[in-house]
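Q: Residue numbers (numbering that gives the first Met the number 0): 0 to 125. For each residue, glycine too, the CB sits at the ideal point set by N, CA and C. One structure follows; several queries about it will come next.
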Amino acid sequence: MNLSDINLRPRDIRRVVEPDLYRIEWDSGTNRTSEWVTVSTETEFDISKLDTWLLSKQIDLNESVVWVSRTWLVNERTMFSSVLAELGKYFTDESFYLVSAQKKWLINYDCIGIVRFGYFPHDNIT
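Below is the structure:
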């Protein structure tokens, strides 16, 4: 099941995404022992590094994405290009998941300033 249906509520999104979180194939982070990358939006340099890291994932800029709080209470639908254009809006003091609407990949951000990127197993792509 994908997340393209605009009528999905946060709890519906949770039912679709959460069972597969343990199966995510995480990219390696800054070293081979961890998938996490340190991020910040405090300075233009930090924003540029985050932007470069996100672009390195080769996500289509026109791809539909779902931003959902880690509490699964709030969600927003947008385009990946919109997230890139407003990194300071999304990468704040609230932890979140950014999920491909087609459920191909997931970005997991923790408000302590770390982020990771991974792919859903191929059997989940619809």
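In this structure, what does DSSP give as the bridge partners for E24?
A: DSSP output for E24 lists Y118 as bridge partner(s).
Q: Are the region 12 to 28 and the region 108 to 122 touching by the rule of at least three beta carbon pairs closer than 8 Å?
A: In short, these stretches touch, since the Cβ pair count reaches three.
Q: Kindly indicate the opening and closing residues of the beta strand (DSSP E) around T77.
A: Start and end: N74 to M78.
Q: With a cut-off of 8 Å on the beta carbons, I'd call V67 and N74 a contact; round off their distance for me.
A: So it is a contact: roughly 4 Å between Cβ atoms.
Q: Distance check for L2 and V15, CA to CA, integer angstroms please.
A: V15 and L2: Cα-Cα distance of roughly 8 Å.
Q: Do you know offhand how far T125's Cα is from R69's?
A: Because T125 sits at a pLDDT of 48, beneath the cut-off of 50, its placement in the model cannot be relied upon, and the point is left open.
Q: Of all the options K103, A84, I46 and I111, which has the alpha carbon lying nearest to the alpha carbon of E93?
A: Out of K103, A84, I46 and I111, I111 has the C-alpha closest to the C-alpha of E93.
Q: From the DSSP output, which residues share a beta bridge with W66?
A: For W66, which the question treats as bridged, DSSP gives the partners E75 and L97.
Q: For chain C, find out if any of its Cβ atoms is closer than 8 Å to the Cβ of V65; answer yes or no.
A: Considering every chain present, this structure includes no chain C. It has just one protein chain.
Q: Measuring alpha carbon to alpha carbon, tell me which of D50, K56, E34 and S33 ends up nearest T40.
A: The candidate whose alpha carbon is nearest that of T40 is D50.
Q: Looking only at its own chain, which residues have a Cβ that is under 6 Å from the Cβ of D109, when we skip the five neighbours before and after it?
A: Taken in chain order, the residues that qualify are S94.
Q: If distances are taken between C-alpha atoms only, which option among L72, T77, W71 and K56 comes closest to S63?
A: When each option's Cα is compared against that of S63, the closest is T77.
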